[in-house]
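Structure first, then comments.
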Amino acid sequence: MDSIAIEGGARLNGSIPVSGAKNSAIKLMAASILTDQPLRLTNMPRLADTRFLGELLRHFGVSVTEGHGEDGQETLFDAGDITSTFAPYDLVRQMRASFNVLGPLLARTGHAKVSLPGGCTIGARPVDLHIDALTRLGAMIELDEGYVSATAPGGLRGAVIEFPFVSVGATEHTLMAATLAKGTTVLKRAAREPEIGDLVQCLTMMGARIEGLDTDELTIHGVERLNGGTWSVIPDRIEMGSYAVAAAMAGGEVRLTKGRPELIAALTDKMIEAGVEIEIDGQDVIVRRDPVRRLKAVDITTEVYPGFATDLQAQFMALMTVAEGESVVRETIFENRFMHVPELARLGAHIEVHGNEARVHGVETLKAAPVMATDLRASMSLIMAGLVAEGETTVGRVYHLDRGFERLEEKLGACGARIRRIRGAADEH
Ligand code: EPZ
33 MDSIAIEGGA RLNGSIPVSG AKNSAIKLMA ASILTDQPLR LTNMPRLADT
83 RFLGELLRHF GVSVTEGHGE DGQETLFDAG DITSTFAPYD LVRQMRASFN
133 VLGPLLARTG HAKVSLPGGC TIGARPVDLH IDALTRLGAM IELDEGYVSA
183 TAPGGLRGAV IEFPFVSVGA TEHTLMAATL AKGTTVLKRA AREPEIGDLV
233 QCLTMMGARI EGLDTDELTI HGVERLNGGT WSVIPDRIEM GSYAVAAAMA
283 GGEVRLTKGR PELIAALTDK MIEAGVEIEI DGQDVIVRRD PVRRLKAVDI
333 TTEVYPGFAT DLQAQFMALM TVAEGESVVR ETIFENRFMH VPELARLGAH
383 IEVHGNEARV HGVETLKAAP VMATDLRASM SLIMAGLVAE GETTVGRVYH
433 LDRGFERLEE KLGACGARIR RIRGAADEH
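Every position in the sequence shown, counted from 1, becomes a number in our numbering once 32 is added.
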């Protein structure tokens with residue numbers, strides 16, 4: 033298994049281009065199933081997660097062709113001929129969001145059998161909301177031996193669906209299925225994450241009729257068929273936010289380019305409160321921090337968008353480990369998203385966890401140690417801590433990072449981080 037070694041203490045100076053968003057790309061890829069015409073996604077990140085989903089789509093008979101165009105990396109998906117609607121456990125378990133192929137397969141062909149994704153390290157993460165919503169759209173669903181078998185022989189039918197709480201995945205999943213349903217669907221208490229807006233706009237480009245962009249109520253007037261087309265994946269706000277925190281942690285001046293700074297306002301507001309200098313310049317964010325002055329501790333609570341993103345909680349906590357004073361970090365989205373705490377403690381951080389609340393007592397310095405990545409965003413918090421820890425920190429199990437951060441060592445290395453990948457035996461995960 034590969035690991036990453038970081039020699040702490042180097043300032044970061046330079047610029048980092050923001051890639052296309054993983055959490056949008058994988059939903060847009062699933063949307064390619066909804067049409068028999070080619071869908072070209074540009075600004076495509078090349079990540080383990082997009083590769084996993086590409087493999088699953090190929091299994092359904094979708095042709096997936098990677099290339100390079102004017103907007104950088106792109107991939108062409110052609111689901112002209114769906115030859116299978118079966119998603120086996122071995123392919124779905126590699127990435128939970130693969131479950132979201134169920135709705136598009138069902139809407140397009142009238143049947144699908146997809147493995148349940150199972151739990152994961154950050155929580156149980158059930159899919160009950162997805163299943164309830166598809167049932168409301170008229171799907172007949174059976175659960176058997178870890179699989180969901182769904183049929184809708186006469187097609188899906190529009191319905192009014194009020195989610196009991198906000199779910200990004202359930203909103204996206206139901207939205208995709210409803211585009212081809214007969215009649216009108218209203219999704220109430222819909223998630224408003226920017227990646228959903230990206231999906232709404234791509235589906236609209238494909239001919240879907242959707243009202244309520246970026247609001248918590250989406251109205252979808254079903255159409256008979258969707259077209260293909262070309263869509264540019266929205267910039268990755270979590271990647272952008274992560275590198276903003278990295279620059280604040282290490283000190284120096286970093287320009288993050290080709291992003292959407294307004295999408296990380298909840299983070300940059302907190303960074304400013306802590307004493308980081310933030311400048312917005314069009315699509316770029318410039319992060320400056322004088323490394324001699326310590327940052328101030330500030331509290332955060334994760335919330336649905338536009339609140340503070342749970343996917344940036346671990347990284348912000350890493351920043352707080354070396355701030356002056358005590359910071360309270362509350363996690364309200366997932367029940368088990370503090371696995372980075374014991375690993376940060378190995379580097380000398382002082383953190384106490386009580387339920388969904390972590391109290392971070394800032395220390396002056398962290399000390400290098402071997403640590404283990406536990407999930408994607410937690411891994412990033414360890415890389416950040418490694419940027420300032422005295423000595424060489426090695427982060428193991430970096431396949432987690434490879435799922436969601438494109439060319440991480442190259443991007444940080446270009447700004448002066450002393451970071452390298454140590455190749456290990458073939459990854460198993
Ligand atoms: C998406 O996960 C993202 N994943 C997550 O990013 C992100 O942390 C999360 O949204 C919140 O922003 C992708 O987009 C692929 P939810 P998702 O449904 O859709 C519970 C990353 O690091 N719930 O909004 O799975 C659930 O357990 C990942 O890139 C149910 O109980 O999140 C959770 O506690 C991690 N039943 C809460 O709702 C359901 O049927 C919110 O989950 C669905 C969800």
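Ideal placement from N, C-alpha and C gives every residue a C-beta, glycine not left out.
Could you tell me the alpha carbon to alpha carbon distance between residue i and residue j, rounded to whole angstroms?
i    : j    : result
H461 : G215 : Reliability of the predicted coordinates at H461 is poor, the pLDDT of 43 falling under 50, and the value obtained from them is presented with this limitation in mind. The alpha-carbon atoms of H461 and G215 are separated by roughly 43 Å.
R189 : T107 : 32 Å
E309 : G46  : 15 Å
A417 : G260 : 44 Å
R455 : A405 : 16 Å
G254 : A209 : 9 Å
A390 : R321 : 25 Å
M33  : R78  : 20 Å
A222 : I228 : 9 Å
E285 : H205 : 40 Å
D459 : V192 : Its pLDDT being 47, under 50, D459 is placed unreliably in this model, and the coordinates cannot settle the point.
M303 : G394 : 15 Å
A355 : L408 : 23 Å
T74  : H386 : 43 Å
L476 : G273 : Since the first residue shown for the chain is 33 and the last is 461, residue 476 is missing from the structure and cannot be characterised.
L161 : A202 : 6 Å
A182 : T236 : 26 Å
T262 : K54  : 17 Å
P120 : D246 : 33 Å
D331 : F118 : 46 Å
V144 : A282 : In the sequence under discussion, the amino acid at residue 144 is Ala, which differs from the Val named in the question. So the alpha carbons of these two residues sit roughly 49 Å apart.
V336 : S264 : 24 Å
V232 : R157 : 24 Å
V317 : I270 : 13 Å
Could you check what DSSP says for residue i in three-state terms: helix, strand or coil?
i    : result
I163 : helix
G112 : coil
S199 : coil
G273 : helix
A410 : helix
Y179 : strand
G52  : strand
V420 : helix
V392 : strand
Q105 : strand
E358 : strand
N368 : coil
A381 : coil
N132 : helix
A240 : coil
L299 : helix
G206 : Correcting the residue type first, residue 206 is Thr in the shown sequence and not Gly. Here T206 sits in helix by DSSP.
F84  : helix
When you measure from the CB of residue i to every non-hydrogen atom of the ligand EPZ, does any distance come out below 6 Å?
i    : result
H432 : no
S199 : yes
A365 : Just to set this straight, residue 365 is Ile in the shown sequence, not Ala. It does: the Cβ of I365 is within 6 Å (strictly closer) of some heavy atom of the ligand EPZ.
V159 : yes
A209 : no
L408 : yes
H372 : no
T342 : yes
T350 : The residue asked about is misnamed: residue 350 is Ala in this sequence, not Thr. Because no heavy atom of the ligand EPZ lies under 6 Å away, the Cβ of A350 does not count as near it: no.
H470 : With the chain represented from 33 up to 461, any question about residue 470 goes unanswered, as that position is not in the structure.
N132 : no
N388 : no
A62  : no
A202 : yes
N368 : no
N55  : yes
A171 : no
A129 : yes
What are the partner residues of residue i, as DSSP defines its beta bridges?
i    : result
E194 : K220
V427 : I36 and V403
S147 : Y179
K443 : According to DSSP, which records beta bridges pairwise, K443 is partnered with nothing at all.
C152 : G155
P267 : G52
V319 : V286 and I310
V96  : F109
S47  : R287
R450 : E39
F118 : K145
L250 : L219
R189 : K214
Following a CB-centred definition, is residue i positioned closer than 6 Å to any heavy atom of the ligand MG?
i    : result
G155 : Ligands in the displayed structure: the ligand EPZ; the ligand MG is not one of them.
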